[in-house]
Amino acid sequence: MKAPTIGSWFTRGEIAAPADIEGAALRSDRFRLEREGDWRRLEQIVIRMEKGGLRRVDDEDLLALPTLYRTAASSLSVARETSLDAATLGYLESLVQRAWFQVYGPRKGFFAWFSEFLLGGWSRAVREIWLDICIALFVCVAGAVVGWLLVAQNSDWYYRLIPIGLAGDRGPGASRETLLASLGTEESTSGLSTFAASLFSNNAGVCILAFALGFAFGIPSLMLLVHNMAMLGAILWLFSEAGLIVEFSAWLSVHGTTELFGILLSGAAGLHIGRSMAFPGERSVLEAASTSGRRSAVVMVGVVIMMVVAAILEAFPRQLVEGAQNRFIIGGTFGVFWLTYFFLYSPRGGMVEDLDDAERLA
Amino acid sequence: MSAAIAPAPTDKRQRTLVTPEGIAIPVTIASRGSRIGALVLDFLILIFGLIAIFIFLAFVAEGLFDEIDSAVDGAMSGAAEFLFILVILLIFMARYGYFLTMELGPRGATLGKRIVGIRVAARGGGRLTPEAIIARNLLRDIELFMPLIFLLIAPSGESGSFGLAGMVWFMVFMAFPFFNKDAMRAGDVIAGTWVVDAPRTRLAEALSTQGAAVQGTSEMTGARYEFGEEELSIYGEHELQTLERMLRDAQPEALSAVHATICRKIGWDPGAGDERAFLEAFYAQLRARLEGDMRFGKRKADKFS
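Chains as they are written, first to last, in my numbering: chain A, 10 to 371; chain B, 83 to 387.
Okay, here's the thing in structure tokens:
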């Protein structure tokens with residue numbers, strides 16, 4: 010084997026001419042030596058693409074890529090029938106596989122994908138799971154009603170539903186003043202951004218969990234929704250007993266319209282997967298699961314964004330803005346914004362991955 | 083990069099992808115062992131990366147950390163607060179972002195996967211989309227982090243039978259890859275992906291252009307090796323490729339052992355000192371014969387057939 014010279018580490022794309030082709034004793038080796046240059050060139054291009062995407066490859070190479078890829082692929086099928094050189098076959102198989110991954114790799118970078126996601130992909134995915142959103146909404150409302158009724162019948166239920174840490178001094182029998190104080194505002198902004206960051210981290214985690222649990226036919230996702238909404242129902246009852254229902258709703262709506270919507274969507278996304286696995290229709294279960302999984306993943310990226318917005322709203326405006334009316338205005342605006350964005354905003358084209366692109370390239 | 087010899091693939095893990103232009107590409111499903119290895123490597127990278135960042139932060143802003151420790155109810159300065167947020171977001175990013183961004187790259191693999199030599203691919207030969215990567219990584223939560231948490235909680239008995247039930251439930255997800263033939267975890271099922279071997283082999287030298295393979299003549303002794311029909315009809319493709327591997331590895335002891343075996347088999351008197359030339363000539367002539375037969379559609383898999 011020829012020792013590589015140091016210079017060869019730095020020059021790129023210089024492909025050494027193969028050893029004398031006529032000197033090879035075997036026909037299959039002559040076949041190999043004649044095409045070796047093309048294979049090596051393809052390998053160089055693929056290595057550069059693997060390192061840093063299309064930007065590192067110049068136009069000439071990029072134009073040659075589809076041809077080179079097909080040459081290598083047809084070499085492979087010829088070699089399989091005519092050559093017994095295991096090393097060459099192994100090399101060609103790995104080369105064709107690597108080239109295939111690049112030729113049919115993701116066509117878009119993350120940012121291109123993300124901008125398409127914002128400009129239509131997200132709202133389309135949300136609209137596509139409308140049925141699951143309806144089911145999840147029904148479950149949420151039912152959960153809240155159940156929570157309310159349970160606590161209204163027997164206030165012991167309150168302590169079962171709400172963890173001690175979260176309840177604090179807000180419990181049955183707490184005075185109106187205590188409850189009102191808990192809805193109050195902070196004097197300054199200090200500490201609030203930390204609060205926002207940890208809220209986001211926590212809530213986004215819960216949402217991802219609600220989504221991921223959908224894998225078990227969606228039932229755990231729904232249970233999680235019921236549990237959370239029952240807590241909400243119990244707290245609603247508590248404040249309504251003290252005659253503070255309007256104040257509490259306003260306080261909650263600031264971030265609630267965004268956060269509850271996000272939780273609803275993540276539950277619906279989980280349910281969507283579970284439902285399509287339980288009732289795959291004419292497709293195979295695996296196929297159905299992967300189609301719905303990808304659609305739900307788009308929704309979930311959106312949910313994480315909604316959680317960022319909700320955490321900022323929860324930490325700043327909710328703690329700083331006083332007065333039920335102002336709070337309702339903020340919460341209502343966001344609620345209307347999300348609804349409009351999801352159900353009325355539907356630009357054409359966009360996220361559909363068309364395979365034609367790839368076929369044209371290859 | 084490893085040596086140029088193709089690894090002997092386990093047939094059970096062999097799959098064939100058919101590309102849109104109709105070329106069949108063989109892929110090998112990554113073994114469960116290599117996936118666990120990749121995962122462990124990724125965790126080590128994450129943990130040591132985070133530790134390194136924290137040490138750096140502590141070095142740069144030592145006082146601020148003390149302030150966070152002693153702060154009561156958010157009474158800290160702006161700088162400390164910023165640092166605290168940074169830490170929270172960093173941990174969130176490490177948990178969800180690392181796997182996501184790495185697998186979205188052109189290599190389709192995290193650092194651990196690259197080291198082990200495997201990558202993510204779309205099942206059945208389609209295009210690997212960002213949605214698929216996102217979906218498969220969102221499920222990592224219930225497959226890995228939740229079972230780990232329950233594993234830590236359940237034995238303590240604090241959460242009673244609920245903890246145990248949770249542990250069993252999540253263990254089902256953890257064991258998922260062991261119960262399907264494609265070694266898919268739940269995230270792979272949802273995303274329509276699988277994890278395959280990504281071999282990076284280098285093209286080895288052509289054997290028939292060097293040494294005694296060309297003319298059958300030894301450069302050292304000048305002896306000419308010529309094998310007859312009968313002598314070449316003993317071995318098949320499997321033996322040929324074993325011999326090829328040995329010639330490329332070029333270990334003298336192994337070569338002389340093979341030399342002796344072949345000589346005994348074909349009834350020659352094994353000499354000594356010129357093993358390589360003998361084997362090169364034998365290899366070239368055997369391959370010429372087998373490839374010639376191949377062109378007429380006659381294949382001999384091994385010496386028994």
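All C-beta atoms, glycine included, are put in the ideal place defined by N, C-alpha and C.
Taking a Cβ-Cβ threshold of 8 Å, none of the residues of chain A is close to Ile-135/B; the smallest such distance is about 16 Å. Within the model, the alpha-carbon separation for Leu-171/B versus Arg-177/B is close to 10 Å.
For Tyr-113/A, the chain B residues whose Cβ falls inside 9 Å of its Cβ are Thr-101, Pro-102, Ala-204, Gly-207, Gly-208, Arg-209, Leu-210, in order along the chain. A contact between stretches requires three or more CB pairs, one per stretch, nearer than 8 Å, and the region 269-281 of chain A meets this requirement with the region 129-142 of chain A. Thr-275/B is not a Cβ neighbour of Ala-191/B, given a cutoff of 7 Å. Interface criterion not met: the Cβ of Ile-316/B is under 7 Å from no Cβ in chain A.
Met-249/B counts as buried, since no fewer than 16 other beta carbons sit within 10 angstroms of its beta carbon. Burial of Cys-216/A is indicated by the presence of at least 16 other C-beta atoms within 10 angstroms of its C-beta. For Met-58/A, the chain B residues whose C-beta falls within less than 7 Å of its own C-beta are Pro-188, listed in chain order. Excluding sequence positions up to five before and after Ser-249/A, its CB lies less than 6 Å from no other CB in the same chain. One finds nothing in chain B with a Cβ atom closer than 8 Å to the Cβ of Asp-68/A; even the nearest lies about 18 Å away. Spanning the alpha carbons of Val-317/A and Leu-269/A requires a straight line of approximately 13 Å. CA-CA distance, Arg-39/A to Ala-288/B, rounds to 9 Å. In this structure, Ile-272/B sits near Leu-221/B, with a CB-CB distance shorter than 7 Å. 7 Å or more divides the Cβ of Ala-265/B from the Cβ of Arg-97/B. Proximity to Ile-339/A across Arg-284/A, Ser-124/A, Leu-98/A, Ser-258/A peaks at Ser-258/A, based on C-alpha coordinates.
Below the 7 Å Cβ cutoff, chain A contributes Ala-206 as neighbours of Leu-171/B, in chain order. Pro-75/A and Leu-128/B have their C-alpha atoms roughly 37 Å apart.
The beta carbon of Leu-186/B lies closer than 7 Å to those of Pro-212, Ile-215 in the same chain, with the five residues before and after it left out. Straight-line spacing of the CA atoms in Ile-348/B and Ser-338/B works out to 15 Å. In this chain, the beta strand (DSSP E) harbouring Trp-276/B covers 275-279. Every alpha helix (DSSP H) stretch that sits fully inside the region 193-230 of chain B and reaches 4 residues is listed by chain position as 193-198, 212-220. Contact of Tyr-100/A with chain B is assigned, a C-beta pair being separated by under 7 Å. Bridge partners of Gln-96/B according to DSSP: Thr-110/B.
Straight across, the Cα-Cα distance linking Glu-256/A with Val-235/A is about 24 Å.
In this structure, DSSP gives Thr-101/B a state outside helix and strand, which the three-state scheme calls coil. Ranked by how close their Cα comes to the Cα of Thr-324/B, the residues Ala-120/B, Arg-369/B, Ile-231/B have Arg-369/B in first place.
Annotation for Arg-36/A: no residue places its beta carbon closer than 7 Å to its own, counting only its chain and skipping 5 residues before and after. Residues Leu-85 of the same chain have their beta carbon placed closer than 7 Å to that of Glu-102/A, with the five preceding and five following residues left out of the count. For the 7 Å CB-CB criterion, Leu-285/B and Tyr-350/A do not form a contact.
Under the Cβ distance rule, Trp-246/A does not count among the residues neighbouring chain B, no pair being separated by less than 7 Å.
As for any alpha helix (DSSP H) of minimum length 4 sitting wholly inside the region 325-357 of chain B, the runs are 334-348, ordered along the chain. Counting C-beta pairs with one atom in each stretch, the region 360-376 of chain B and the region 309-321 of chain B have three or more that are closer than 8 Å, which means they touch.
Counting of Cβ neighbours within 10 angstroms places Pro-281/B among the buried residues, the total reaching 16 or more. Interface with chain A (7 Å Cβ-Cβ cutoff): Pro-281/B is included.
Contact of Glu-319/B with chain A is assigned, a C-beta pair being separated by under 7 Å.
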